[in-house]
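Enquirer:
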Amino acid sequence: MEATRDTPPSRRGLLKGLALVTWAGLVAALGLGLGAALRLAGAGSGPRSRPRLDLGPAAEIKPGQVVSREDVALLRDANGVYALSLVCPHLGCRPVWRAEERRFLCPCHGSAFALDGRRLMGPAPRGLAGLWVELDSQGHAWVDPNRGVDASRRLALG
Ligand code: FES
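Heads up: the sequence shown begins at 145 in this note's numbering, then just goes up one per residue.
1. Between which two residues does the beta strand (DSSP E) carrying Asp280 extend?
2. Can you pull the DSSP bridge partners for Pro201?
3. Quick check: the Cα distance between Ala243 and Gly236, rounded to an integer number of angstroms?
4. Using a threshold of 6 Å, is the CB atom of Leu235 nearer than that to any non-hydrogen atom of ligand 1?
5. For Asp129, tell me which candidate among Asp198, Trp276 and Gly266 has the shortest Cα-Cα distance.
6. Would Leu272 and Ser212 qualify as a contact pair, given that the criterion is a beta-carbon distance under 7 Å?
7. Would you list, in sequence order, the uninterrupted beta strand (DSSP E) runs of no fewer than 3 residues that lie entirely inside the segment 205–258?
8. Cβ of Met265 within 7 Å of Cβ of Ala258?
9. Grab the span of the beta strand (DSSP E) containing Leu264 for me, first residue to last.
10. Three-state secondary structure (DSSP) at Gly292?
11. Measure the C-alpha to C-alpha separation of Arg246 and Leu219 and round it to an integer number of angstroms.
12. Does the distance from the CB of His234 to the CB of Pro207 come in under 7 Å?
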């Protein structure tokens, strides 16, 4: 009697356990599959985009002055403000502004660039890339390091 009464609950318990393990396996498999799919989607989108950089009040920049932050420079000429990427197009070093020479100089192999980004000398195959710059409501210049533009683009100040 005892044995026959215990048998059905044990089977039920075993079936419940199997069902639980099956559900847990399904949930884990779905989670792994979703994670792999997200990783694949991310791998196809290239490097992560960088946040925009606040280079400060654009109106305070004097023509010919260079304001830089990280690998971005903000400059101004008679037509407005513009931004340049401070990533050397030769092998990626960071050119520095040499005020006394009025040029950017790459410390790695000596490429030099004019105030407007043009290549002046050295192994760099081209000039510094232009970057998108825009003003916020406070007049701060925000540079998007992910968005290249023609280096001749100027943002006129009102
Ligand atoms: S990395 Fe700039 S000149 Fe080579």
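Every residue gets a Cβ at the ideal spot worked out from N, C-alpha and C, and that includes glycine.
Expert: Judging by the given coordinates:
1. Taken as a continuous stretch (DSSP letters only), Asp280 belongs to no beta strand (DSSP E), as it is neither H nor E.
2. When beta bridges are read from the DSSP output, Pro201 appears opposite His284.
3. Across the structure, Ala243 and Gly236 are spaced so that their CA atoms are roughly 21 Å apart.
4. The answer is yes for Leu235.
5. Nothing in the structure corresponds to residue 129, since the chain is present only between 145 and 302.
6. At least 7 Å separates the beta-carbon of Leu272 from that of Ser212.
7. Listed in chain order, the beta strand (DSSP E) runs fully inside the segment 205–258 are 210–213, 216–221, 224–229, 240–242 and 247–249, counting runs of at least 3 residues.
8. Contact flag unset, no.
9. It spans Arg263 to Met265 - the beta strand (DSSP E) in which Leu264 sits, taken as one unbroken run.
10. Of the three classes helix, strand and coil, the one that applies to Gly292 here is strand, per DSSP.
11. Taken atom to atom, the span from the alpha-carbon of Arg246 to that of Leu219 is near 12 Å.
12. Contact flag unset, no.
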